[in-house]
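Below: the structure, in structure tokens.
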Amino acid sequence: MASRRTQGLRFAPAAVQVLENRQLLSGILIVTTTSDAVSHSGVSLRDAIATANADGSGDTIQFDPSLNGTTITLTQGELLITGSVTISGSAGGASGITISGGNTSRIFDLKNATTNTKAVTISDLTLTGGNAVGLNSSGAGGAIVNFSKLSLFGVTFTANTATIAGGAVDNRSSMAATDCTFVGNKVTGTNGAGGAISNRYATITTLTNDTIIENSVTGKGSTGGGIGANYPNTSTVAINTLILGNTAVASNNDFSGTLSGSSQNNLIGIPLGKTLSDIVQTSGGAPLLASNGGPTQTVALIGSVNNPAFDVGTNPLTTLGAAVPTAVSGASTTIKVASAQYLQLADLLQIDSEIVAVTAISGTNLTVVRGVLGTTPSAHTSGTGLMVTDQRGQLRHTNKPDLGAFETQSTTLSLTAPGGTYTSDSIGVTGATVTSGLQTVATFGSPYLSYTYYAGTLSAGDILTATPLAGAPRNAGNYTVVGSYNNAPGYRPSASDPVHFTIIPAPLSVAPPISVGGGTVSAVGAIKVYDGTTASTQQPVFSGLLGTDTGTGTEAYVSKNVLGANNSVLYVLSYTINDGNGGNNYTMDASGTAVGTITPAPLTISAVTDSKTYDSTTSSVGVPTISGLVGTDTAVATQAFQSPDVLGPNNSVLYVDSFAISDDNGGNNYSVNSSGTAAGTISAATLTISAVSDLKVYDATTSSSATPTVTGLLGSDSATAVQAFQSKNVLGADGSLLYIENYTINGIVNNPDYIVTLETATGTITPADLTITAVTETRDYDGTTNSGLTPTYSGLLGTDSISDLSQAYYSRNVHPAGQNPLYALTWTISDDNGGLNYSVITPATPGTILAIPLTISATSGTKAYDGTIASTAVPTVVGLVGTDTVTQAKEHYTSALPMGVDGSTLFVSSYALNDGSGGGNYIVTLNTAPGTIYYAASKLAFETPLPTSGTAGQALSPTVKVDVKDAYGNLVTDDNSSTVTITLNTGVFAGGDNFVTAPVVNGVATFSGPSALVINKAATGYILTASSGVLTSAQTPKFSITAATGSQLEIQTAPSSVTAGANFSVSISVKDAFGNPASTPSPVSLTLNTGTFSGTFAGKSTATATNSAGTATFSSTLQLTTAGAYTLTASAAGIVGTPSFNLTVNPAAASKLIFLTQPTTGAMNSPLGQIQVAVADTYGNTITSDNTSIVTLAIFSGPSGGTLSGTVSVQVVNGVATFNNLILNKVGTYVLRATTTIGLSTFNRDSASILIGLGG
């Protein structure tokens, strides 16, 4: 257990006190009140969320079971969640918890939970009465507005309201809802969306096993009464989910938007011919939300095979990727699946007939608990499907779950009690009724009903251990029957209360015989040992029997108790007369008795072994063993130790201290032996002797003056103890350890009655004072604080010693005489504690350090004239000691003008003496040196004007020239030996390199002739850079190179085939001799080898397009309507090459019939000449690819009674139907109509007139 700290939380003072005082399991916050106030006597939900927000470590919030079935109504506005948290309505035994917004505020606001990085889980709660009001984000999400990674499990949303979107939930990030119910939520504003859920703005929503019914959007233009997901970049996945009975004003009653293609097993919208009440339980037409057995309220599914949501789930969420071995129930197993995309923690999945619970997901590996919800684990083969279950984790049928988050309907079974008179046949239940609410769902004869019978009148508790009968009973007696209702589609199993019934004996009539003899039966005396019963083994004595009649019987004692010799009475208990007439031949007298004796039974009571901790008494908690009791007799006994002391293992003796027998005879039914003893053990008690804290100044000993404490003494025992420091050394505040040095108990060392625990304590030994004093000294400066003398000391204790003494100056620098103090620098104290046993005092002593000489000299140098007296030479320094330095030392010429070799003078112009004392530790001397100044060139410069543009393949103009100049811009005319290189910043010159060189003549490099600058690649941003050795380079501004006149054409893009009448595009590139796109010549022509174009260039065999930046594009302007093969050739003025490409024009879609050949005359009843009909496109091209269409000829007009015979329906071949044997039967003028159907279209064509005569 750890106390949860609440530092830094902004609570009212009373709330802080409550949270600080409670004890919590780490990470678990328990709500203990339905109050919404911040200051109260319990922990409210608002308190718990505030603590979780501040903690930020993903706490779990639970509800105390005392709140089960209660409602927490928000009075302080919505609950703001800013971090990861889990809120569980079922953990720790809680259930039936409702959170209400009171119709005044939203319930949960996850806006501050950073998008998709904070995980919020809410489970097994009912959220109701949430109200999000406003025309912006404040009006979205009546119960929850989500910007986090939200997981919902088993949550019921009902009667929540929003203005613009998401009556229950407005999701802006990532949400997974499993086993959730959304009923009666709404959005009221204009153009609202998502009566239950709105999924907006790049969000992901996964719905598994959910029920979304009778939600609504009521404002003008509103859509998506159930779910509103018609937003860009959203993804909505639904699996095994029911979305129906929702309403919207404008469109899409149940779902607006598009479901992800991975959705499966859903029912969206009420199917034709069905109503909502055909699918779910309703009351007054509305879904009936109730506690149907799970942790939250649900809507029960109608259990009918005609229900479109019942028993329809056939597709698994995934399949096993490997075989799974069998296991024991509750075992944890890792299984591999094909995909875990739609699985999440806490899912209940069915594999074959076993249900497993998902506890971890890693890639495609699941960790599951086996055999949950009463199912039996078994082995499963690879490829087996994993099915979703309902909220209870139970499939309605073997392999087909129902849709949605439903509970099966609860049922009640009642039986009609059977019974009657014995008939020798079985007597069982003949009437049973099963009801669900007010509805009768099954009666006697249902295949889902079964009955179990038991002998006797049993309670429900008795039945748990009773053995059932094989079937309905037949013999007389008392019985109990229990009915069971199982495996009914859509209904939960139920059992009836135990029903009791009796089969009574049948009446038996016996007629007395004509002559009846008399007889007597008498008991016989007996002796037995007491056995707790009245039974006797003696047989009664019969007298007076006649003939061969016999009798048998039993006798018994009147009392089972020991009453003394011959003080017991025996009587006839039962008898049977074997007279062939059931004993009716005799008038029997069975009143005779006899005397007998019951002797006491032996009873042994023995002490048992016992162990206890020493407590100064002889008491024992062991219970003696008792053997020899009979019947229902009972006895109790106590035992004790003979000695209270610790005597060692099994060395103590236990004896029977007392006993009492309950036998209804004061114990006289037994002869008792209670002398049995047992070995026992008294173990030592625990005793704690604790050292106490102590404080002293170091004295080189371990002694302590404090007295230890003693805890655990029993009775009048006493103890004494002495403590000491474990170490004599100084170990810091509370760093010393005090221990028990010796002790006695009752004056005895190692008293066996106690196991002594010795506890230490912390203490403190403070350092003693030790003084070390330096000795006075005077010496020259050497850059250190070292001293050659040894200090003195005083204050050592005991055998401690000191060595390695040294002293030093306070400063290494020169100070006035006697003003540089000396102090003790090092020492080693030998006290077994590294000197920590002493507090060292080091008083100062006067000392003196004297300054020393230093020389700084200028260095000879040579430089080119630069108009200044500056020099790059560095002065030399002699005389520095230690780590001292001279920096920034500079020297200058006395004149900037050249004065010949060594004619100039260099002097030390400045320096910085770094000795930590501003140079005060030295006496400085400065020296000069001779030097030389001369003139020299230093840079390059382009002459102007410079070229600003050029043409590919031509030398840059004007000619480029580069000057060699000195540092002051003067042309160095005596330079005739240097070479200048011009480098191109990108690409290469016409020679193939990116550079060209030219010699310098009288200080100028001219780039002409062989050194001319020619560039073939057209581009912008060219830059020339001139360089020569170490001279400063020069650079031109950017310039461009344009393409030369075009000299070649290329087909850039062109189709190989087109459809007749369809526009097509062709692109032709124009390039110069260097491959640069050229804007001239223009236009570019495209010429057909045969025929003419249609469309834009209709009637022309040549089409033209403008050359734009080197490309001539015929953009969807070309069209050909006659099918066939073509060659198209490109050309342009001044360009010799004429590239071409081949093009096939295919017929367009079939749109008409054409008579290719037909006769115009014929003879009656004689074969007509050949008729050919073609299937053609709109341009008259025959569809040569058609070999399937059927063309039929019929008379369109002609003489009355005229008929057309022969083969009138012909299948086309290469698009043509050929008719060879047609006959017209009457003289006259005919027009024939050809008809065909292609796809959904029918085409007709009439022939020219055909004149039919009589013939020759």
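As numbered in our numbering, residues 1307 to 2562 make up the sequence shown, in order.
Using N, Cα and C, we set each Cβ at its ideal position, and we do this for glycine too.
| Asked | Found |
| --- | --- |
| Can you tell me the Cβ-Cβ gap for Val2270 and Ser2284, rounded? I've got them flagged as a contact below 8 Å. | 6 Å |
| What separation, rounded to the nearest whole angstrom, lies between the Cα atoms of Ile1769 and Tyr1785? | 12 Å |
| Using the Cα positions of Ala2311 and Gly2224, report the straight-line distance between them to the nearest angstrom. | 56 Å |
| Helix, strand or coil: how does DSSP classify Pro2316 here? | helix |
| Which residue's Cα is closest to the Cα of Leu1869: Tyr1791, Gly1973, Thr1931, Gly2140? | Gly1973 |
| Would you check if there are 3 or more beta carbon pairs closer than 8 Å linking the stretch 1475 to 1486 to the stretch 1505 to 1514? | yes |
| In whole angstroms, give me the CA-to-CA distance for Thr1704 and Leu1655. | Because the pLDDT at Thr1704 is just 47, under 50, the model does not fix this residue reliably, and the value given afterwards should be weighed accordingly. When rounded, the distance between both Cα atoms is 13 Å. |
| Along the alpha helix (DSSP H) that carries Ile1355, what are the first and last residues, could you check? | 1351 to 1361 |
| Can you check DSSP and say which residues form a bridge with Thr2134? | Ser2109 |
| Where does Pro2473 sit, in a helix, a strand or coil, going by DSSP? | strand |
| Are the Cβ atoms of Phe2420 and Arg2551 separated by less than 8 Å? | no |
| How many Å lie between Leu2111 and Trp2133 at the Cα? | 4 Å |
| I need the straight-line Cα distance from Pro1707 to Ser1341, nearest angstrom please. | 40 Å |
| Hey, is the stretch 2260 to 2274 in contact with the stretch 2194 to 2201, meaning 3+ C-beta pairs nearer than 8 Å? | no |
| Tell me the DSSP bridge mates of Thr2484? | Looking at the DSSP assignment, Thr2484 forms no beta bridge with any residue, so it has no partner. |
| In angstroms, rounded to a whole number, what distance separates the CA positions of Asp1370 and Ile1428? | 16 Å |
| By DSSP's criteria, Ala2114 is part of a beta bridge. Which residues make up the other side? | Asn2092, Tyr2129 |
| Rounded to a whole number of angstroms, what is the C-alpha to C-alpha distance between Val1426 and Asp1353? | 17 Å |
| Give me whichever residues DSSP pairs with Val2003 in a beta bridge. | Thr2072 |
| Counting along the chain, where does the alpha helix (DSSP H) carrying Ile1576 start and finish? | Neither: Ile1576 is in no alpha helix (DSSP H) and is coded neither H nor E. |
| Measuring straight from C-alpha to C-alpha, what distance separates Leu2474 and Ser2506? | 19 Å |
| On the premise that Ile2239 lies in contact with Pro2264, defined as a C-beta separation below 8 Å, what is that separation, rounded to the nearest angstrom? | Their Cβ separation, rounded to whole angstroms, is 39 Å, which puts Pro2264 and Ile2239 out of contact at 8 Å. |
| For Ala2202, which of Thr2231, Gly2237, Asn2227 has the nearest alpha-carbon? | Gly2237 |
| Within its chain, find whatever has a CB closer than 7 Å to the CB of Thr1690; leave out the 5 residues flanking it on each side and keep chain order. | Thr1625, Leu1626, Ile1657, Asp1658 |
| Mind checking Gly2504: buried by the 16 CB within 10 Å criterion, or exposed? | buried |
| Quick one: give me the first and last residue of the alpha helix (DSSP H) that Asp1963 is part of. | Note, Asp1963: premise wrong, no alpha helix (DSSP H); beta strand (DSSP E) at 1958 to 1968. |
| Could you check if Asp2059 is buried or exposed, using at least 16 other CB atoms within 10 Å of its CB as the buried criterion? | buried |
| What runs of the beta strand (DSSP E), each 3 residues or longer, lie entirely inside the stretch 1505 to 1582? | 1510 to 1514, 1517 to 1519, 1533 to 1535, 1541 to 1545, 1548 to 1550, 1561 to 1563 |
| Going by alpha carbons, who is nearest to Ala2368 out of Ala2429, Ile2374, Ile2357? | Ala2429 |
| At which residues does the alpha helix (DSSP H) containing Ile1769 begin and terminate? | 1766 to 1769 |
| By a C-beta neighbour count over all protein chains shown, 10 Å radius and 16 as the cutoff for buried, is Ser1332 buried or exposed? | Since pLDDT at Ser1332 reaches only 43, below the 50 mark, its modelled position is unreliable, and the value read off the structure follows with that caveat. Exposed: under 16 other Cβ atoms inside 10 Å. |
| Select from Gln1647, Pro1631, Leu2219, Tyr1648 the residue whose C-alpha is nearest the C-alpha of Val1641. | The displayed chain sequence assigns Ile, not Val, to residue 1641. Here the closest residue by C-alpha is Pro1631. |
| Ends of the beta strand (DSSP E) at Asp1476? | 1475 to 1477 |
| Hey, how far is the Cα of Ser1406 from the Cα of Asn1536? | 29 Å |
| Below 8 Å CB to CB, which residues in the same chain sit around Val1901 once its five sequence neighbours on both sides are set aside? | Gly1831, Asn1872, Asn1873, Ser1874, Val1875, Leu1876 |
| Can you find the residues in the same chain that come closer than 8 Å, C-beta to C-beta, to Gly2041, ignoring five residues on each side of it along the sequence? | Thr2068, Thr2070 |
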